[in-house]
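Remarks on the structure that follows.
Protein chains: 2
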Amino acid sequence: MHKPHVVIIGAGYGGIMTTVKLQKLFGIGQIKITLVNKEDYHYQTTWLHENAAGTLHHDRTRIPIKEVVDMNKVDFIIDTVVSINPSEKKVKLKNGELAYDMLVIGLGFEKTTFGIPGIRDHAFSIESINSARLIREHLEYNFANYHLDKVNDNARLNIVIGGGGFTGMEFAGELVNRIPELSAEYDIEKALVRVIILEASSTVLQGFDPQLVEYAMTSLQSRGVEFVTNAAIKECTQDSVIYEKDGKKCEIPSKTIIWSAGVRANCIVEQSGFETNCGKVEVRDDLRSPEYDDVFVVGDCAMIIDKETDSPFPPTAQIAIQQSSVIAHNIKALIEGKATEPFKAKSLGTVASLGHHDAIGVVLNNRKVFGWKASVMKKIIDNRYLLKLGGIGLVMKKGKFNFFY
Amino acid sequence: MHKPHVVIIGAGYGGIMTTVKLQKLFGIGQIKITLVNKEDYHYQTTWLHENAAGTLHHDRTRIPIKEVVDMNKVDFIIDTVVSINPSEKKVKLKNGELAYDMLVIGLGFEKTTFGIPGIRDHAFSIESINSARLIREHLEYNFANYHLDKVNDNARLNIVIGGGGFTGMEFAGELVNRIPELSAEYDIEKALVRVIILEASSTVLQGFDPQLVEYAMTSLQSRGVEFVTNAAIKECTQDSVIYEKDGKKCEIPSKTIIWSAGVRANCIVEQSGFETNCGKVEVRDDLRSPEYDDVFVVGDCAMIIDKETDSPFPPTAQIAIQQSSVIAHNIKALIEGKATEPFKAKSLGTVASLGHHDAIGVVLNNRKVFGWKASVMKKIIDNRYLLKLGGIGLVMKKGKFNFFY
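Heads up: the sequence lines are chains A and B, in that order.
Under our numbering, the first sequence is numbered contiguously, ending at residue 385.
Under our numbering, the second sequence is numbered contiguously, ending at residue 385.
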């Protein structure tokens, strides 16, 4: 008897949660589940900015897959997906090939540079444990070098964030908390260190409530962050960033440019021949690809239009996690020959952290929150995810309980 | 009434201990004492290899000068010495000039490269808090980059130590203790990391007892250190080191070359017109310059021939500390019109650390010690110095008590 083979590629929020849900829905041996991921760990992308700033160790952000996935029910393969062949129902890996009956694509996002010269080679991005850890070390390395250069080089102490979106603002908030420590460690006057956010549009945190944006800017400015809006980055070199504002070109000497202005869905989806909109698959209501009945798409690779606003849902962890429940349910429905159910987003609100004890957000019924209260809500949301993923044990191990200090 | 003005340049072992001794010998206002140093701290040069390896924080190694020097008795100037004019009795600083009645030169050592191309630009050296801290960060930075290079680059994980003398061996001993931590932190297989000591002569730790040398080599080899003797470094680049052995040139890809094969007395002494032997002043028995009655030289800038062996005393902390007592005593004698006393070295032995719990050494009456016992002796010697410098309070703050773990 052929057991249906479900293959999940990518262990981000969507992929890992689908796997965990599936292993709960099926008994041992009922179906064959394979999870493929580049690393032997899942990580919380929404915490990476803290790892990059050095305020939270990356081991808190990552979770070994074997801790949350039942290896009796799931085959776990550490490998990199090269391409998908949906007509042949195969996934090509760097070191092999997998045939599937049903596929869940959860390959996440990648950096996009809009063709700006130098971004790919000289700018850093907050996209993985490896890249976040490198930013932390890059900052330290430049601080450590400062007193050893023949001429003191401000490019070592100017940190430029390209893009004042969610990630850029959250990173800035952590960074200004970290700078006093870095300054003490490397004997550098705190006042010499600059953190500059360059934002191409007229405001940071576009789409957020203006009152909350103002709160966020004031909070960061009071801790030393400088904002330049309407500033389009034109080029990055190893030692500087060039931007244009009001028709004039300006240059900031900087060896640390954090690019947080552009992400897109993983290119593999488009390159594998799926029909895409901005690189994403416009999935059916039940989260299947419109072209293939046996392919689900979750998270950043999927696009769903919010009928209320007529624009796509944002690519958030929250949406990916909600989708994973529906996908797991629908996989079971298809195997049992039942009808699939449609995805309905349930907004729990959005909170952006601004450092240890500050945040802004919009929660249930569009209520605005800010300050310490918002930062506590953020932590509760994060702990709630850990609870769903790995139960109370995981919350105790990796959760955030520093509400008061 | 003119108070004699004693100027001490350099707050290394010799300079700081002379200052501390002088402030004990004289009451407030009896003489004018000025200490000049580049930084506002003194540091234990013999601990820097631990800071460089990352096994000990540099704040343990450095001591704020105001903690051990009585600011009621001593004027402390943070500045860099540019030159000395002994005929005019003046010291030129970067930001000023000082006139003295008596001078103590304690300007320490600097790196010498024997003209080998690339050493100055691409090799690191363990010579100051700044340079040791940079080595620690350079190691971490390369480990952090390893998984982000398009092609894995072994030059990031090969650590080459140029020179198997005291410093090179002690650094290797700490480094191999640190590598398991670094490997875990950056998800790198421990076995991929190499530590290679290149030694130009036929043996490491030249001058040490052969039995102890063998013990040291075996200890380090068992923890993964590779030795290449009779290997003369010919060139360093940013990514490799080239050496010659048995007439053949070999290249090791490495971004981390620690140069520990050559130090010399600070060039300022020679450049200021003092008669020198290999850059050092061959001082009189009472530690004064042969040319100037009012100039003492202490530590690495002084040369004294050991009459028993007919060769110069090695440039150790121990000798510098012993000299400082005699210099302080002789300054008082000269001021009081009494005869100076000659310096007599008292060897307390030499211990080289090989990591946390291992060491080799020769102590009183040429007794050989090694292993845990020697490492404890090393720590006791270090704590003894702290006691002399700043009393029991300083021992409690900066001492080493990890005898058993």
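All C-beta atoms, glycine included, are put in the ideal place defined by N, C-alpha and C.
All figures in this text were calculated on a predicted structure; none of them were measured in a lab.
Which bits of chain B does residue i rub up against, with CB to CB less than 8 Å?
i: asparagine 31 of chain A; result: Under the 8 Å cutoff, chain B gives no residues; its nearest Cβ is about 11 Å from asparagine 31 of chain A.
i: glutamate 120 of chain A; result: Glu117, Glu120 and Tyr121
Using DSSP bridges, identify the partner residues of residue i.
i: leucine 73 of chain B; result: B:Val61 and B:Gly76
i: proline 160 of chain A; result: In the DSSP output, where bridge partners are listed per residue, proline 160 of chain A has none listed.
i: asparagine 125 of chain B; result: None, per the DSSP bridge assignment.
i: serine 386 of chain B; result: Because chain B in this structure spans residues -19 to 385, residue 386 of chain B falls outside the shown range and cannot be described.
i: arginine 42 of chain B; result: B:Tyr23
i: threonine 14 of chain B; result: B:Val(-13) and B:Asp55
i: valine 277 of chain B; result: B:Ile85
i: serine 333 of chain A; result: A:Ala339
i: glutamate 206 of chain B; result: B:Ile176
i: proline 292 of chain A; result: A:Ile285
i: tryptophan 239 of chain B; result: B:Gly142
i: arginine 268 of chain A; result: A:Phe276
i: aspartate 261 of chain A; result: Inspection of the sequence shows that residue 261 of chain A is occupied by valine rather than by aspartate. In DSSP, valine 261 of chain A forms a bridge with A:Ala282.
i: valine 49 of chain A; result: Paired residue(s): none; valine 49 of chain A is not in a bridge.
i: valine 349 of chain B; result: B:Gly341
i: alanine 245 of chain B; result: B:Phe89
i: alanine 212 of chain B; result: B:Glu224
Given that residue i touches chain B, what residues does it touch there, using C-beta distances under 7 Å?
i: alanine -9 of chain A; result: Chain B residues near alanine -9 of chain A: none, gap ~16 Å exceeds 7 Å.
i: asparagine 125 of chain A; result: Leu114
So which residues on chain A does residue i lean against when the C-beta distance must stay under 7 Å?
i: leucine 128 of chain B; result: Asn110, Ser111 and Leu114
Since residue i contacts residue j with CB under 8 Å, what's their CB separation in whole angstroms?
i: valine 140 of chain A; j: valine 221 of chain A; result: 5 Å
i: leucine 334 of chain A; j: methionine 149 of chain A; result: 7 Å
i: valine -14 of chain A; j: methionine 82 of chain A; result: 5 Å
i: lysine 235 of chain B; j: glutamine 251 of chain B; result: Going by Cβ atoms, the distance from lysine 235 of chain B to glutamine 251 of chain B rounds to 33 Å, so no, they are not a contact pair.
i: isoleucine 301 of chain A; j: tyrosine 21 of chain A; result: Incorrect: roughly 18 Å between the Cβ atoms, too far for contact.
i: alanine 135 of chain A; j: proline 44 of chain A; result: Not really, about 38 Å apart at Cβ, beyond 8 Å.
i: alanine 325 of chain A; j: isoleucine 299 of chain A; result: 6 Å
i: valine 275 of chain A; j: proline 66 of chain A; result: 6 Å
i: valine 156 of chain B; j: leucine 178 of chain B; result: That belief does not hold up - the Cβ atoms of valine 156 of chain B and leucine 178 of chain B are roughly 16 Å apart, past 8 Å.
i: isoleucine 237 of chain A; j: histidine 102 of chain A; result: 6 Å
i: glycine 279 of chain B; j: glycine 86 of chain B; result: 5 Å
i: phenylalanine 146 of chain A; j: alanine 245 of chain A; result: No, phenylalanine 146 of chain A and alanine 245 of chain A are not in contact; Cβ-Cβ is about 17 Å, not under 8 Å.
i: valine 356 of chain A; j: glycine 341 of chain A; result: Actually they are not in contact, since the Cβ atoms of valine 356 of chain A and glycine 341 of chain A sit about 11 Å apart, beyond 8 Å.
i: proline 292 of chain A; j: methionine 283 of chain A; result: 5 Å
i: lysine -17 of chain A; j: serine 305 of chain A; result: Not quite, the Cβ-Cβ distance comes to about 23 Å (not below 8 Å), so this is no contact.
**OP:** Identify each residue in the segment 95 to 113 of chain B for which the Cβ-Cβ distance to at least one residue of chain A is less than 7 Å, and report them in chain order.
**Re:** Asn110, Ser111 and Arg113
Original post:
At a Cβ cut of 9 Å, what residues of the segment 296 to 323 of chain A count as close to chain B, listed as they run along the chain?
Top reply: Result list empty, no residue passes.
**OP:** Would you mind listing the beta strand (DSSP E) stretches within the segment 90 to 144 of chain B that are 3+ residues and don't spill past its ends, in chain order?
**Re:** 138 to 142
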